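Enquirer:
Chains as they are written, first to last, in our numbering: chain A, 26 to 529; chain B, 116 to 604; chain C, 26 to 123.
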């Protein structure tokens, strides 16, 4: 197999070692990944925009700086895919929507600036459910993304493009956003590691808003170690974001491999029974058993109000979204459908620019905030939020980390759930509570289901508990030894045969 | 304008909403500098343009200004308040929501005391809250107003500028009180230095809510909001008109429609702005991008201690320390000339004279030339110097006015101006005596009349000498010289 | 819960989205189902539970009153669908400013 093919099989940590040792150049690494994108993204449709020229220019710059002995960033030369919901100056940022099809922001998101400072090479903007609203990436105005494990299935959503890009080995790293599970659920469905930080740890400046009190940027990778490094590269206080936590970012790297001896793991009851695929429940139980074997103490805990999470989420998130998306009116940017009056112009523009799911959520949110309904819907949902937070706080008195499935099932077929919005919403049942509480959560592959499709297991830690989260995930990863190369009758063509070692 | 209006069977119930544009260096939620006169959309950024992904970060100084205004109005500074989103669509709103405050404002429950004809009238202040301004829209068409416009153009330079909204209780009962309230509030804002508070330019804006009810009844009539009040005078006229309009309706048994009306300055009337009663559902909710404000108690105490003297206290001081009457004191405070007065007195000027010169001559000049009193280059030393030159005879009052003209035009101190313009009075007796003799010789009839006891004729001779001396003769000295020569002792 | 088509039309108005009768009816059905599902929170919610609007308890976040560079006017206007005289052009506006 050629050198080029094998580079795409490697994780970011391995690539960094090779790059640091000058055994490969950034240009070679980026080329290899761009070649694979060119060859295979036609089947996956992970990308909306591929940034060949910019990526190769950045790679060349990194190579010459390295050659000159000048400093390079912590992720120098590693290709990265960026969910098309983060503003990149002068580069199309569409949010998967006709509304912003031709929008080029006049500024960069803070996360984008930090990635550039780390010298991660952004190779393209990835597909997503429109305005981050969805669980399958089928709500993109530009066509769905296909799951590399089975190209007739969804990759999950809303960060389906980023998740698929990593699973497809188009890049070892990707950035997504998670509002109700939109990093973790696609990670689960694509067999990769996806994580949502504590709310406020990663800047939202330049993240095109869906639900402001829930949105967080999160890393995708094929290994826990890569995920931790990417988290560390983007996390930290940003004065441009008032909700940004001003405290020091938890150190997730030093103790990453310290193991789980004595760690108290809470297995969340009610997440392994009715409504969950049996093989999904099995993978979670197996993970619990492995943690036990490694020296953790596994107990059962309950989150009695977590089952109301979807109801609360589907009131709060659309409410905030209805306000956040009001700015799309054809006046200052984006699509404009002309009308005789400004009022008409705005109404026509919004009807044409927004897809069905977005309109649906704007309508729910507008209703929930409207006079006479605000207390019964919006405020009540915020009270449920308080109950869920209390449940977590109580659970974390007895344990250090919680374990549950990420998603009730593995990847479903494209078109299977598009007729029933509510059924689609129920995909988020295990992920939404962590958004409501602001706590950090991570999904990692727990194995395959009966049909050979990846199944994720989810870990949740207390606020600012990223260190224990990554540590537990790392230990579990070592035991599971999951192979992230998609395989199966309908899977994407794999990358080269170079072994993807789990980094210890 | 009479301040005591005759009692009628109906009384007016008036509440005032005043928006104050703050003179901070930057906007409320972004670092765009506030300066005027730039090209359209040259003072904007991703935040104040409402670009996707942008986020607001509050201006600390705006919060400080809000607290100081609240303290000056005797408000409670609320322990915990939030920013809310007020959602509605309008092209001058970059986000189609305005960041404001809703159920809890940063300052609440204050009052403003007005001196109306010697009586203290206390007007309740319901609240002071923070919000952001909108952009500016030009309507292109025949009238420049919205109705009949073909299209509109929006400039977002003003979008995001910090505003404080001051809402009074409906305690005001007359047009005169409304005017006094607005003037007093303006004076306080100026004393605090938080805004230049120019009604004509829009850095201070006032809307009036007017209703009427049968006198003595404890009910509220339907209230009408009146907009487009660009001066204290407009406020008075508009409120007077509206009270009369509503009273006429009430007496005729016709209902007053709750609506918003526009004040037409030229016509002297209000007219309907919105044809149907529009009920706006703003869907207020706490802004998730902003976190609650809990002003530190020590900080608030410090701000309270550092409050400057407010207009009421200053007026009292002018009265008690300098014997300046209430009306003149008020004029000085409103015009921002108290500093000049204090400096003049410190430099030796008699307070009463200094005050008169300020309110009469200086303000007259500033009105005539369209220059703000506070923008004049006149200092207290200048004023004291000018008065001293009059007192020692160097300048007559008439010449002193000319000197003042020069000072206000920026030509320098009174002495500089007098010298440059050659205004110093001739007090050199010898020369004057010569001129007097010439004048007497030139007008023997007048001289004869004076000798005969008609002292009014002195004026003609004085005038002749003044003319000959190009106004520089000291008229008192000339008068004395003429009397010496012509009037037997 | 049940939703009248008139209410849905009103909501579409508030949200400034032009929807035809077919779309409104479809939304009416869907919203009715979704809101009925959401109403189950009434089972556990009582007034003594304080609502949470911010997940992480921050207070008093603000910035100094120091200027930052604004966008050059060309960049500020670059995204505008219609620019005239440096301003954003819109069709005639019906409603007076609030």
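For glycine and all other residues, C-beta sits at the position ideal for the given N, C-alpha and C. Note that the structure is predicted; figures quoted are calculated from it, not measured.
(1) Listed from N- to C-terminal order along the chain, which residues in the stretch 79–98 of chain C have their beta-carbon within a distance smaller than 7 angstroms of any beta-carbon of chain A?
(2) Which term fits residue 385 of chain B, buried or exposed, when burial requires 16 or more other beta carbons within 10 angstroms of its beta carbon?
(3) Please list the terminal residues of the continuous beta strand (DSSP E) segment that includes residue 230 of chain B.
(4) Give the straight-line distance between the Cα atoms of residue 242 of chain B and residue 283 of chain B, rounded to the nearest whole angstrom.
(5) Pull out every residue of the stretch 154–167 of chain B whose Cβ sits closer than 9 angstroms to any Cβ of chain A, in chain order.
(6) Do the stretch 388–403 of chain A and the stretch 260–268 of chain A meet, that is, are 3 or more Cβ pairs less than 8 angstroms apart?
(7) Assuming residue 318 of chain B contacts residue 136 of chain B (C-beta within less than 8 angstroms), just tell me the rounded distance between them.
(8) What separation, rounded to the nearest whole angstrom, lies between the Cα atoms of residue 83 of chain C and residue 488 of chain A?
(9) Tell me which residues share the same chain as residue 438 of chain A and place their Cβ nearer than 7 angstroms to its Cβ, disregarding the 5 neighbours each side in the sequence.
(10) In the structure shown, what three-state DSSP assignment does residue 117 of chain B receive?
(11) For residue 27 of chain A, count neighbouring Cβ atoms within 10 angstroms of its own Cβ and tell me buried if that reaches 16, exposed if not.
(12) Count Cβ pairs between the stretch 356–369 of chain B and the stretch 393–413 of chain B that sit closer than 8 angstroms; are there 3 or more?
(13) Could you check the C-alpha separation between residue 506 of chain B and residue 151 of chain B for me, to the nearest Å?
(14) Locate the alpha helix (DSSP H) running through residue 342 of chain B, then write down its first and last residues.
(15) Assuming residue 111 of chain C contacts residue 98 of chain C under a Cβ cut-off of 8 angstroms, what Cβ separation, rounded to an integer in Å, is found between them?
(16) Straight-line CA distance for residue 29 of chain A to residue 138 of chain A?
(17) Grab me the residues of residue 296 of chain A's own chain with a C-beta within less than 7 angstroms of its C-beta, minus the 5 sequence neighbours each way, in chain order.
(18) Please identify the residue among B:256, B:275 and B:279 whose C-alpha is closest to the C-alpha of residue 268 of chain B.
(19) Just the C-alpha distance for residue 525 of chain A and residue 43 of chain A, rounded to the nearest angstrom, thanks.
(20) Return the first residue and the last residue of the alpha helix (DSSP H) that residue 592 of chain B is part of.
(21) Return the bridge partner residues of residue 401 of chain B from the DSSP annotation.
(22) Answer yes if the stretch 456–476 of chain A comes into contact with the stretch 410–420 of chain A, meaning at least three C-beta pairs across the two stretches below 8 angstroms, and no otherwise.
(23) What span of residues does the alpha helix (DSSP H) with residue 559 of chain B cover, start to end?
(24) Residue 33 of chain C to residue 343 of chain A, Cα distance in whole Å?
(25) Could you name the residues of chain B that residue 96 of chain A contacts, counting a contact when the two beta carbons are closer than 7 angstroms?
(26) Just verifying my parser: in three-state terms, what is the DSSP assignment at residue 114 of chain C?
(27) Under a CB-based cut-off of 8 angstroms, is residue 209 of chain B close to chain A?
(28) Could you tell me whether any Cβ in chain E is nearer than 8 angstroms to the Cβ of residue 30 of chain C?
(29) Looking at C-alpha atoms only, which residue of A:484, A:254 and A:477 is the closest neighbour of residue 514 of chain A?
(30) Could you tell me whether the Cβ of residue 174 of chain B comes closer than 8 angstroms to any Cβ of chain A?
(31) Closer than 8 angstroms by beta-carbon distance: list the chain B residues that pair up with residue 265 of chain A, in chain order.
(32) Relative to the C-alpha of residue 376 of chain B, which residue among B:397, B:354 and B:555 is closest?
(33) Nearest to residue 242 of chain A by CA position, among A:250, A:41, A:230 and A:251, is which residue?
(34) DSSP beta-bridge partners for residue 508 of chain A?
(35) Name the chain B residues whose beta carbon is nearer than 7 angstroms to that of residue 41 of chain C?
(36) Give the secondary structure of residue 528 of chain A by DSSP, where H, G and I count as helix, E and B as strand, and everything else as coil.
Expert: Taking the structure as given:
(1) 79, 80, 81, 83, 86, 88 and 96
(2) Indexing the second chain from 1 puts residue 385 of chain B at position 270. Residue 385 of chain B should be labelled buried.
(3) As a first step, residue 230 of chain B must be located in the second chain, where it is residue number 115. Run containing residue 230 of chain B: 222–231, per the beta strand (DSSP E) assignment.
(4) Here the question's residue 242 of chain B lines up with position 127 in the second chain. Here the question's residue 283 of chain B lines up with position 168 in the second chain. Taking the straight line joining both Cα atoms gives about 7 angstroms.
(5) 160, 161, 162, 164, 165, 166 and 167
(6) They do not touch, by the three-pair rule.
(7) Here residue 318 of chain B refers to the residue found at position 203 of the second chain. Here residue 136 of chain B refers to the residue found at position 21 of the second chain. With 8 angstroms as the limit, residue 318 of chain B and residue 136 of chain B qualify as a contact, their Cβ atoms being about 4 angstroms apart.
(8) Sequence index remark: in the third chain, residue 83 of chain C carries index 58 (1-based). Sequence index remark: in the first chain, residue 488 of chain A carries index 463 (1-based). Between residue 83 of chain C and residue 488 of chain A, the C-alpha separation is close to 13 angstroms.
(9) Counting from 1 along the first chain, the entry for residue 438 of chain A is found at position 413. Only 177 and 178 meet the Cβ criterion.
(10) The count along the second chain starts at 1 and reaches residue 117 of chain B at position 2. Low local confidence applies: a pLDDT of 44 at residue 117 of chain B is under 50, so the model's placement there is unreliable, and no value is given.
(11) As a first step, residue 27 of chain A must be located in the first chain, where it is residue number 2. Reliability fails at residue 27 of chain A, whose pLDDT of 47 lies under 50, so the model's placement of it is uncertain and no value is given.
(12) no
(13) Along the second chain, read from residue 1 onward, the residue named residue 506 of chain B stands at position 391. Along the second chain, read from residue 1 onward, the residue named residue 151 of chain B stands at position 36. Roughly 45 angstroms separates the two Cα atoms.
(14) Residue mapping note: residue 342 of chain B aligns to position 227 of the second chain, counting from 1. Unbroken run through residue 342 of chain B is the beta strand (DSSP E), 339–344; no alpha helix (DSSP H).
(15) Counting from 1 along the third chain, the entry for residue 111 of chain C is found at position 86. Counting from 1 along the third chain, the entry for residue 98 of chain C is found at position 73. About 6 angstroms separates the two Cβ atoms, so the contact holds.
(16) As a first step, residue 29 of chain A is located in the first chain; it is residue number 4 there, counting from the start. As a first step, residue 138 of chain A is located in the first chain; it is residue number 113 there, counting from the start. At residue 29 of chain A, the pLDDT of 47 sits below 50, so the modelled position is not reliable; the number obtained from the coordinates is stated separately. Between residue 29 of chain A and residue 138 of chain A, the C-alpha separation is close to 29 angstroms.
(17) In the first chain, residue 296 of chain A corresponds to position 271, counting from 1. So the list reads 429, 430 and 455, once near-sequence residues are dropped.
(18) Residue 268 of chain B sits at position 153 when you count from the first residue of the second chain. For residue 268 of chain B, the nearest C-alpha among the options comes from B:256.
(19) Within the first chain, the letter at position 500 stands for residue 525 of chain A. Within the first chain, the letter at position 18 stands for residue 43 of chain A. Bear in mind that a pLDDT of 41 at residue 525 of chain A, under 50, signals an unreliable position, so the number given afterwards is only what the model happens to contain. If you take the alpha carbons of residue 525 of chain A and residue 43 of chain A, they lie about 14 angstroms apart.
(20) Locating residue 592 of chain B in the second chain gives position 477, counting from the first residue. 590–601 is the extent of the alpha helix (DSSP H) around residue 592 of chain B.
(21) Taking the second chain and counting its residues from 1, one reaches residue 401 of chain B at position 286. Partner(s): B:199.
(22) yes
(23) On the second chain, position 444 is the one that residue 559 of chain B refers to. From DSSP, the alpha helix (DSSP H) with residue 559 of chain B extends over 559–566.
(24) To locate residue 33 of chain C, count along the third chain from 1; it is residue 8. To locate residue 343 of chain A, count along the first chain from 1; it is residue 318. So the two alpha carbons sit approximately 16 angstroms from each other.
(25) Your numbering for residue 96 of chain A matches position 71 in the first chain. Those within 7 angstroms of residue 96 of chain A in chain B number zero; the least Cβ separation is about 29 angstroms.
(26) Here residue 114 of chain C refers to the residue found at position 89 of the third chain. In this structure, residue 114 of chain C counts as strand in the three-state DSSP scheme.
(27) Sequence index remark: in the second chain, residue 209 of chain B carries index 94 (1-based). Yes, contact with chain A.
(28) You won't find chain E in this structure, because its protein chains are A, B and C.
(29) Numbered from its first residue, the first chain carries residue 514 of chain A at position 489. Nearest in C-alpha terms to residue 514 of chain A, of all of A:484, A:254 and A:477, is A:477.
(30) Position 59 of the second chain holds residue 174 of chain B. Taking Cβ atoms only, chain A never reaches closer than 8 angstroms to residue 174 of chain B, which makes this a no.
(31) Numbered from its first residue, the first chain carries residue 265 of chain A at position 240. By Cβ distance, chain B contributes 170 and 172.
(32) Residue numbering aside, residue 376 of chain B sits at position 261 when the second chain is read from its first letter. When each option's Cα is compared against that of residue 376 of chain B, the closest is B:354.
(33) Here the question's residue 242 of chain A lines up with position 217 in the first chain. Here the closest residue by C-alpha is A:230.
(34) Numbered from 1 along the first chain, position 483 holds the residue referred to as residue 508 of chain A. Answer is none; residue 508 of chain A lacks a bridge partner.
(35) Counted from its first residue, the third chain places residue 41 of chain C at position 16. Going along chain B in sequence order, the residues near residue 41 of chain C (Cβ under 7 angstroms) are 204.
(36) What you label residue 528 of chain A is simply residue 503 of the first chain in a count that begins at 1. Unreliable placement is indicated for residue 528 of chain A, whose pLDDT of 33 sits below 50; the coordinate value is still reported in the next sentence. Three-state DSSP puts residue 528 of chain A in coil, outside helix and strand.
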